[in-house]
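*Asks:* This is the structure I have questions about; it appears just below.
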Amino acid sequence: MISYLKGIVAGVSKSSNNRVILTLEVNSCGYDLQITTRLMQQLPPVGETAQVFTHLQIREEQPLLYGFGTLAERDLFRQLTSVSGIGTASAIALLDTLPLPDLVQAIVTSNTQLLIQTPGVGGKTAERLCLELKKKLADWTNIPGLVAPTDGPAPAILEDVQMTLLALGYTASEVSGALQAVSQQVGLTKNSNAEDWIRQAIAHLSGS
1 MISYLKGIVA GVSKSSNNRV ILTLEVNSCG YDLQITTRLM QQLPPVGETA
51 QVFTHLQIRE EQPLLYGFGT LAERDLFRQL TSVSGIGTAS AIALLDTLPL
101 PDLVQAIVTS NTQLLIQTPG VGGKTAERLC LELKKKLADW TNIPGLVAPT
151 DGPAPAILED VQMTLLALGY TASEVSGALQ AVSQQVGLTK NSNAEDWIRQ
201 AIAHLSGS
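Note that the UniProt record's numbering has the sequence shown beginning at 1, numbered continuously upward.
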């Protein structure tokens, strides 16, 4: 019904249940949209213009409007909420925990250990996500501009590297960012062994 809204950022706040609410003024009308923390960090300052892609959910109590930074993120939100047991809160949490390319990759490769790093997503829910969406999302990485190729270790060792770093207490988002950063280093290839990737990622995360 509403594909996107383009207007002035009037304010951003957190509700009592820790939801992030963006108020966007469009033609002298203020729209309240629930957005991800990730989008909140990307928004321009109050008073400047932003375009937000939207999803309208109709409930008996009141309609709810959700906002996303990209069409791909909005479409993935819809895919996530189509899975039994995944509500809007869990879908938002998944999008906040992992960057979109890494979230799609985790589902396609059935990397449930990475998915359960999301608050409120347990093992059974992660397995259901992979089972129901694996085929639907398999082609996403082949669509130019939709999901950028994920740099990092070769698929054969990627999960080992991720799980080791997660076990050391780093968040899924930190692990993803570290692997992206480390992948740019000269001399470290996708086929380098897991220990090299882990060592370099820890060095990056510790700032050394």
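Glycine included, every Cβ here is placed at the ideal spot set by N, Cα and C.
Starting from LEU71, trace the alpha helix (DSSP H) both ways and give me its first and last residue.
*Replies:* For the purposes of this step, residue 71 is taken as residue 71 along the sequence shown, with counting starting at 1. Segment 71-81, the alpha helix (DSSP H) holding LEU71.
*Asks:* Measuring straight from C-alpha to C-alpha, what distance separates SER192 and PRO153?
*Replies:* Start at 1 with the first residue of the sequence shown, and residue 192 comes out as number 192. Start at 1 with the first residue of the sequence shown, and residue 153 comes out as number 153. Their backbone Cα atoms lie some 7 Å apart in a straight line.
*Asks:* Check SER15 in the structure and name its three-state DSSP category.
*Replies:* To locate residue 15, count along the sequence shown from 1; it is residue 15. Three-state DSSP puts SER15 in coil, outside helix and strand.
*Asks:* Which of helix, strand or coil does DSSP assign to GLU48?
*Replies:* In the sequence shown, the residue the question calls residue 48 occupies position 48. Three-state DSSP puts GLU48 in coil, outside helix and strand.
*Asks:* In whole angstroms, what separates the C-alpha of ALA10 from that of THR54?
*Replies:* Sequence index remark: in the sequence shown, residue 10 carries index 10 (1-based). Sequence index remark: in the sequence shown, residue 54 carries index 54 (1-based). One C-alpha to the other measures close to 17 Å.
*Asks:* May I ask which residues mark the beginning and end of the alpha helix (DSSP H) holding GLU132?
*Replies:* Here the question's residue 132 lines up with position 132 in the sequence shown. That run of the alpha helix (DSSP H) goes 123-137.
*Asks:* What are the complete alpha helix (DSSP H) segments, minimum 4 residues, inside the stretch 101-125?
*Replies:* With a minimum length of 4 residues, the continuous alpha helix (DSSP H) runs that stay inside the stretch 101-125 are 112-115.
*Asks:* For ILE107, collect the residues of the same chain with a Cβ closer than 8 Å to its Cβ; drop the 5 residues on either side in sequence, then sort them by chain order.
*Replies:* Reading the sequence shown from its first residue, position 107 is the one you call residue 107. Within the same chain, ILE107 has close Cβ partners LEU115, LEU129, CYS130, LEU133, LYS134 and LEU137.
*Asks:* What is the C-beta distance between VAL161 and ALA194, in whole angstroms, given that I count them as a contact (C-beta under 8 Å)?
*Replies:* One-based indexing of the sequence shown puts residue 161 at position 161. One-based indexing of the sequence shown puts residue 194 at position 194. Between ALA194 and VAL161 the Cβ distance is about 5 Å, and since that is below 8 Å, they are a contact.
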